[in-house]
Each structure stands twice: as structure tokens, then as C-alpha cells.
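Report on one structure; see the data block that follows.
Protein chains: 2
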Amino acid sequence: MYKILTDQDIEQLASMERMVQAIERCLREEANGTLVAPPRFRVTTEKGDLVFTAGAATAFDKVIGFRVYDTYDNDVDGHEQLVCVFDSDTGVFQGIVIGNLLGAIRTGAIGGAAVRALARVDAKQVAVIGTGVQARTQLAAAVAVRNIQRVKVYSRHREHREAFAREMAEKLHVDVSAADSSRACIEDADILLCATNSDTPVFDMDDLKPGMHINTVGPKSVNRHEVPLAAADVSAVIATDSLEQLRAYATPHFLVGTPHEHRIQSLADLVTGRATGRTSTEDITLFCSVGLAATEVVAAQELMKM
Amino acid sequence: MYKILTDQDIEQLASMERMVQAIERCLREEANGTLVAPPRFRVTTEKGDLVFTAGAATAFDKVIGFRVYDTYDNDVDGHEQLVCVFDSDTGVFQGIVIGNLLGAIRTGAIGGAAVRALARVDAKQVAVIGTGVQARTQLAAAVAVRNIQRVKVYSRHREHREAFAREMAEKLHVDVSAADSSRACIEDADILLCATNSDTPVFDMDDLKPGMHINTVGPKSVNRHEVPLAAADVSAVIATDSLEQLRAYATPHFLVGTPHEHRIQSLADLVTGRATGRTSTEDITLFCSVGLAATEVVAAQELMKM
């Protein structure tokens, strides 16, 4: 019988360690050519659209399905993303996830796969910039894949960063404290998680240290990006979960058209060892999260097994 | 809050009269140019596909959504169609219908709209050939739009037609009897509903009488069609719910490439009076049901209001 899961169910169920593993299997399918991910599809009206990202992972997870979300720009309650999952061997309907949390968990898990592939093995300290749901899932995923001892969080609003520190310390059982500045947050960090809505860079290049790994989840367009372009200049490795999607944005990605564009690695190649990641504990590494299609479907199926 | 409806809910809820009215509103939107119905979209794997028919009716029903179904050819339990519905003014999620019954009810309601547009106003007797779920919903819709006194049903298996007669008499409160032959079934009928899986014509041209209206819901391809091509030759009016879909089949529709192709009327034009239907009580009329996109979504939203 199929399952219907909502945000409340997922809040209870989700094991970030298992979600990261599911994303890594999905990346292996991408590298193996068994991931099916057709271009996005839209139904368009004057007031807004429905957008479909569909996909299938046919070798390991044996799942086919899609995510659908609306682009209506209003504050009316009741907007929901749907992720529907079917068995890719039989076509049998397995279930639906209704709500907006799965998207953040899946993006967190992609970030966790990037941390596992690129951050120093001995990484102990995380800096988080941003305090929204994406910042929370990025941190949960980083804690799931590295032996993290200490976390600092910064955002412009004191009450937000203090609430984040309290809640995430309790949830993840690690030492989380609020920092008073971006500089204080980043100091001594091995992993820097940027998950903001900022139009401008959220850290100063002077604060970056050798050996750091950076995830950027927030704005990454040529017009507005939370990570300075100079961070790409000093990065030994730059990676993304979907080169195709990175090149497909209507407003170009901030690395498209720069000398970096053609050295961006596919996370799938890093996870499967087809590409070389970090070669020194001093390397700076940068991961640009864009959202590989089919990962939502694999993540939703994994939740249904929990 | 959104609704989740299954076949059991729909069985209880569905008022065929209201479903036919919803389809007629949808046809008016089609005629008015406010129906959005992009081509079908597929996710393809080696073993099977997911197919999406999406659409929106933005003027009257203010609904946007889609149907999704699988093409996996197996007998495994658990195949389900999904129809997801959103408000086309706000993008707010309204609900989902899970199951295979809605499709048959919607096709029945389209058939009911065709009967209302084309059958004689004084039609009293219905012949049904076929005893599956499509035959049931076609009959329910015909009974909803005309003052039907008597129904005869024929199919090859006696037990099927007798069970159909018993069940539909009880459900629709009309006189339904099983006939021993196609000829006996059709005799004296004003409305002939064909809803079979037959590769070959299910009635003899000699049995057609002036004034009859025919709905064909089953096979209609050039290779296999349940209605004889000669029935088109004697029909004063031929109509379909989607000329675009009728011309888009991989295996051509049995009227495509014949002299009839260019006189097929759009049901939307008949419902809105832009095209002329029956002009005499002696006319034979023929409706070829193909499945106008967006009708599923309007039908699902109507069910959610019940």
C-alpha cells in the first residue's frame, strides 16, 4: 500500500545519515548513466506556473517519479510541493510526500555528500551563515558525515542566530554557539556552510583559511551571489551536483563565462572516484549546490522506507 | 486544507449530473480559449514510462493541475493514477485524487456532454455494448442528461451482462435488462454506447436506425475499432472532444485520412452553439471520445467540492 507523508511525518522520520547515503547512490547512478533526468516541464498560465522536475534512478533505488511546485508569487497559505514516487521496475505507486521540508532535506543531503567528498577528513568545526531551514539541513548533513565538535552560526538578526544555536545544539547534540560577526563565525572553521538569501557576499576573503571547504546553497547568479567570485579563484576544486542545470539558468550562474566554468567538477565523478578532489589538507574547495533532478524522488523513496 | 480522495471516496461522492456540468464548463473554456492544455510529457525508462497530461481552466473553474499514470504493462497490484489540483489564481494546493475511477467518471461525463449535445431530446432508450467500468460511467452520464426509461446491455459473457443489468438498475433506478445479442440490444435504442475492448465492430450496420446517437469509447484506431467505418458514412454529425488529440495518435484514428476527417466537429463548439449539431430527429450522430486534457483536473476539483 502506498504512503502519504507530510512535513510532520518527515520531521520525525528523517535520518540525515541515510538521506546522504541515498543521495550518494543517486550520484553513482548519475555517473553510471542509469539516472533519467529529462528537462523541466511547465504548465503556464498568466498568473503562475506549475513546474515538474521528473526523474528515475533505475539501477540501485529502482524509483521513478517527480516533484511538482508552483511559481505563484504570493503569501497565501497552502502552497505545497509534491513528490510522487513509483517503482521503476513495475510502475506501482509507492507514495507521495506533501510539503516543503523534503526539498530542504534533499538539498541538505546533497550538501552532506559534497562535504564527504571534499572536506578534510579531520574536519572538526563548522561555520554556518544563515539560519533558515536550508541552513539547518546543511548543518545536520555535515554533522552526519564528519566528526564535528563545534559549530558557530552567524546571521544579521541576533535572535535568529541564538534560536538556531539553541535548537540545533539540542537536535544534533553538538556544541553550537552564535557568533557576533561573519569573521568570528568563520574563524577556525574547517567547513563553511552558506545558506542565505543575500544579494552580496556574506564573508570577507581575508577570513578564508587554507583547508576550508565551502558549500553555497543560496544565491549564485551573476547578479547576486552569497559567495565572492574570489573564493572560486582560490579554490583548488570547484564542484556542482549538476553541470547541466548550472549552465541552464535564465540568469547565468556566477561562474558561467568565467575561466572557472570549464574546471567545475561533477559531484557524481568525485563520489565515484572518476575525478580527483582535494589533494592536500591546505586546499580550499567549493561546492555549488544547484539541485540534481531525480534526487528528490530518491530522497522521498528513502523516507518511505524509514 | 487540501483533500486526499480515493476510489472509495469517489464512489460515494460522485454526482454524474454535476460531473457532466463540470465537463461542459471545461468545454466552454476550450471554446473561449481559456483552457491551457500543453502536449503530454513523459519520463521514459527501459521498462515503462510515466505520462503527464497537464492543464488549466482559468476562467470558470480556476484550476491548474495534472494527471499522471504509468505505462508499465504488468498485472502487479498497486498501479494508480494520480490527479493533483491547484488553484489557478493563487497556486495553492487543493488536493489529490488517487485511483483509477476518476478517469472513467471523467470519460463518462464527457460522454454525457456529447449525449446532451447530440442525442435526440426525447431519447428514451439506451443500448450499452460492453460491461466494464467505462460502460458503467457512460450509462450513468446518459441517464443524467436524458429522461431514460429503458436500458439494454450486451456483452459476450452472459454473467457479465446480467451482473451489469442488476447492478446498474439498482444504482440508476431505471429498467436495465441483458440482451442476448448485439442486434437485440440495439433494437429500439435512441442512444448507443460502445465501451468495449473489441478489435472489430460490435454492431451490424443493418441494426442502426435513423435518429440514433452513438458514443464510441473503446478502440478507435485504423487497425482496431469497435464502430464500423460505415457508421461514419451514415452519420450527419461526427464530433470529438479533442481534434488535436484525435490527430495525434501514434496509430492513426480510424477516421484520420478518410473523407470524414475534415468534417469532425469539436464538442466544445457544439456545446457553445458555434457549430450545428443534429438538425433532424432522423439524423444519426457519432461521438468519438478521445480525452480532452484538463478535463481530469476540472473533474477532480469538482469532486473535491462535493
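Respectively, the protein sequence lines represent chains A and B.
Just so it is clear: in the first sequence, position 56 is 55 by the working numbering, and no numbers are missing.
Just so it is clear: in the second sequence, position 158 is 157 by the working numbering, and no numbers are missing.
Cβ coordinates follow ideal geometry from the N, Cα and C atoms, glycine included.
* Sequence ranges, alpha helix (DSSP H) only - wholly within the region 125-165 of chain A, length at least 4 -> 132-144
* Check the C-beta distance from B/Cys184 over to B/Val216 and give it rounded, since I have them as a contact under 8 Å. => Numbered from 1 along the second sequence, position 185 holds the residue referred to as residue 184 of chain B. Numbered from 1 along the second sequence, position 217 holds the residue referred to as residue 216 of chain B. Not confirmed; about 16 Å, so no contact.
* Going straight from the alpha carbon of A/Ser234 to that of A/Ile283, what length do you get? -> Translated into the one-based positions of the first sequence, residue 234 of chain A becomes position 235. Translated into the one-based positions of the first sequence, residue 283 of chain A becomes position 284. Note on geometry: alpha-carbon atoms of A/Ser234 and A/Ile283 lie some 5 Å from one another.
* Assigned exposure category for A/Arg41 - 16 Cβ within 10 Å defines buried -> Start at 1 with the first residue of the first sequence, and residue 41 of chain A comes out as number 42. Result: exposed.
* Confirm, please, whether the CB-CB distance from A/Lys151 to A/Ala112 is below 8 Å. => Locating residue 112 of chain A in the first sequence gives position 113, where the first residue counts as 1. Locating residue 151 of chain A in the first sequence gives position 152, where the first residue counts as 1. Taking 8 Å as the Cβ cut-off, A/Ala112 and A/Lys151 do not qualify as a contacting pair.
* Asked: Hey, how far is the Cα of A/His156 from the Cα of A/Ala162?
  -> Along the first sequence, read from residue 1 onward, the residue named residue 156 of chain A stands at position 157. Along the first sequence, read from residue 1 onward, the residue named residue 162 of chain A stands at position 163. If I take the Cα positions, the gap works out to 10 Å.
* Asked: Leaving out five residues before and five after A/Arg115 in sequence, what residues of the same chain have Cβ atoms less than 6 Å from its Cβ?
  -> On the first sequence, position 116 is the one that residue 115 of chain A refers to. Contacts found: Val144.
* To do: Quick one: using the 10 Å Cβ neighbour count with 16 as the cut-off for buried, is B/Ala249 buried or exposed?
  => Within the second sequence, residue 249 of chain B is the residue found at index 250, counting from 1. Its Cβ having fewer than 16 others within 10 Å, B/Ala249 is exposed.
* To do: Might you give, ordered along the chain, the residues of its own chain that have their beta carbon closer than 7 Å to the beta carbon of A/Thr70, omitting 5 neighbours on each side?
  => Here residue 70 of chain A is taken as the residue at index 71 of the first sequence, counted from 1. Correct list, in chain order: Gly47, Asp48 and Val50.
* Around the C-beta of B/Ala229, are 16 or more other C-beta atoms found within 10 angstroms, so that it is buried, or is it exposed? -> Within the second sequence, residue 229 of chain B is the residue found at index 230, counting from 1. The residue in question, B/Ala229, is exposed, as its Cβ has fewer than 16 Cβ neighbours within 10 Å.
* **Start and end residues, beta strand (DSSP E) containing B/Val297** => On the second sequence, position 298 is the one that residue 297 of chain B refers to. Looking at the DSSP string, B/Val297 is not in any beta strand (DSSP E); the run it does join, the alpha helix (DSSP H), is Thr294 to Lys304.
* Based on the DSSP output, what are the partners of A/Gln308 in its beta bridges? -> Absent from the model: residue 308 of chain A. The displayed extent of chain A is 0 to 305, so no value can be given.
* Which residues, in order along the region 283-301 of chain A, keep a beta-carbon less than 9 Å from a beta-carbon of chain B? -> none
* To do: On the DSSP bridge assignment, give the partners of B/Leu191 in chain order.
  => Position 192 of the second sequence, counted from the start, is the residue given in the question as residue 191 of chain B. The partner list for B/Leu191 (beta bridge, DSSP) reads B/Ala126 and B/Ile213.
* Asked: Between the beta-carbon of A/Gly94 and the beta-carbon of A/Glu79, is there less than 8 Å?
  -> Counting from one through the first sequence, the residue named residue 94 of chain A turns up at place 95. Counting from one through the first sequence, the residue named residue 79 of chain A turns up at place 80. No; because the gap between Cβ atoms is not below 8 Å, this pair is not in contact.
* Status (buried if at least 16 other CB within 10 Å, exposed otherwise) for B/Lys219 -> Reading the second sequence from its first residue, position 220 is the one you call residue 219 of chain B. When all chains shown are included, B/Lys219 counts as buried.
* Asked: Going by C-alpha distance, which of A/Gln11, A/Ala108 and A/Leu81 is nearest A/Lys170?
  -> Residue numbering aside, residue 170 of chain A sits at position 171 when the first sequence is read from its first letter. Ranking the options by Cα distance to A/Lys170, first place goes to A/Gln11.
* Mind checking if A/Tyr248 is an interface residue toward chain B, Cβ cutoff 8 Å exclusive? -> Stepping through the first sequence from its first residue, residue 248 of chain A is reached at position 249. For A/Tyr248, no Cβ of chain B is located within less than 8 Å of the residue's own Cβ.
* Cut-off 6 Å between Cβ atoms - residues of its own chain near A/Glu260, not counting five sequence neighbours on either side -> Residue 260 of chain A sits at position 261 when you count from the first residue of the first sequence. Cβ neighbours of A/Glu260 beyond the five flanking positions: Leu254.
* Asked: A/Ala13 and A/Ile104 look like a contact to me (Cβ under 8 Å); what is the Cβ gap, rounded to whole Å?
  -> For the purposes of this step, residue 13 of chain A is taken as residue 14 along the first sequence, with counting starting at 1. For the purposes of this step, residue 104 of chain A is taken as residue 105 along the first sequence, with counting starting at 1. A/Ala13 to A/Ile104, Cβ: 5 Å. Contact.
* To do: Enumerate in chain order the residues of its own chain whose CB-to-CB distance from A/Arg182 is below 7 Å, with the five nearest sequence positions on each side excluded.
  => In the first sequence, the residue the question calls residue 182 of chain A occupies position 183. The answer, listed in chain order, is Asp203 and Asp206.
* Note the first and the last residue of the continuous beta strand (DSSP E) segment covering A/Ala56. => In the first sequence, counting from the first residue as 1, residue 56 of chain A sits at position 57. Asp48 to Ala56 is the span of the beta strand (DSSP E), which, as asked, contains A/Ala56.
* Quick one: measure Cβ to Cβ for A/Thr57 and B/Thr43, integer angstroms, because I've assumed they're closer than 8 Å. => Position 58 of the first sequence, counting from 1, holds the residue named residue 57 of chain A. Position 44 of the second sequence, counting from 1, holds the residue named residue 43 of chain B. Not confirmed; about 11 Å, so no contact.
* In terms of alpha-carbon separation, which member of A/Tyr68, A/Leu302, A/Leu266 and A/Leu101 lies closest to A/Asn31? -> Taking the first residue of the first sequence as 1, we reach residue 31 of chain A at position 32. Measuring from the Cα of A/Asn31, the nearest candidate turns out to be A/Leu266.
* So, helix, strand or coil for B/Arg105, using DSSP? -> Counting from 1 along the second sequence, the entry for residue 105 of chain B is found at position 106. If DSSP states are grouped into helix, strand and coil, B/Arg105 belongs with the helices.
* Asked: Comparing the C-beta of A/Gly47 with each C-beta of chain B, is any distance below 8 Å?
  -> Counting from 1 along the first sequence, the entry for residue 47 of chain A is found at position 48. Closer than 8 Å: yes.
* To do: Report yes if the C-beta of A/Leu245 is less than 7 Å from at least one heavy atom of the ligand ADP; otherwise report no.
  => Of ligands this structure carries none, so the ligand ADP is not represented either.
* To do: Would you check if the distance between the CB atom of B/Met167 and the CB atom of B/Leu138 is smaller than 8 Å?
  => For this step, residue 167 of chain B is matched to residue 168 along the second sequence. For this step, residue 138 of chain B is matched to residue 139 along the second sequence. Closer than 8 Å, so yes.
* Bridge partner(s) assigned by DSSP for B/His224 -> Indexing the second sequence from 1 puts residue 224 of chain B at position 225. Bridge partners of B/His224: B/Lys219.
* Asked: Where does B/Glu301 land, buried or exposed, given buried means 16+ other C-beta within 10 angstroms?
  -> For the purposes of this step, residue 301 of chain B is taken as residue 302 along the second sequence, with counting starting at 1. Burial call: buried.
* **B/Thr52: contacting residues in chain A (beta-carbon distance under 7 Å)** => As a first step, residue 52 of chain B is located in the second sequence; it is residue number 53 there, counting from the start. Neighbours of B/Thr52 on chain A: none; closest Cβ ~10 Å, over 7 Å.
* **Rounded separation between B/Thr106 and B/Ser288 - CA only** => As a first step, residue 106 of chain B must be located in the second sequence, where it is residue number 107. As a first step, residue 288 of chain B must be located in the second sequence, where it is residue number 289. The straight-line gap from Cα to Cα measures roughly 8 Å.
* Asked: For B/Met305, does the count of other Cβ atoms within 10 angstroms reach 16, so buried, or fall short, so exposed?
  -> Along the second sequence, read from residue 1 onward, the residue named residue 305 of chain B stands at position 306. Exposed.
* Asked: Is the Cβ of A/Asp88 closer than 8 Å to any Cβ of chain B?
  -> Counted from its first residue, the first sequence places residue 88 of chain A at position 89. So yes, A/Asp88 belongs to the interface.
* Which bits of chain A does B/Ile213 rub up against, with CB to CB less than 8 Å? -> Your numbering for residue 213 of chain B matches position 214 in the second sequence. Residues of chain A passing the Cβ test: none, with the nearest at roughly 34 Å.
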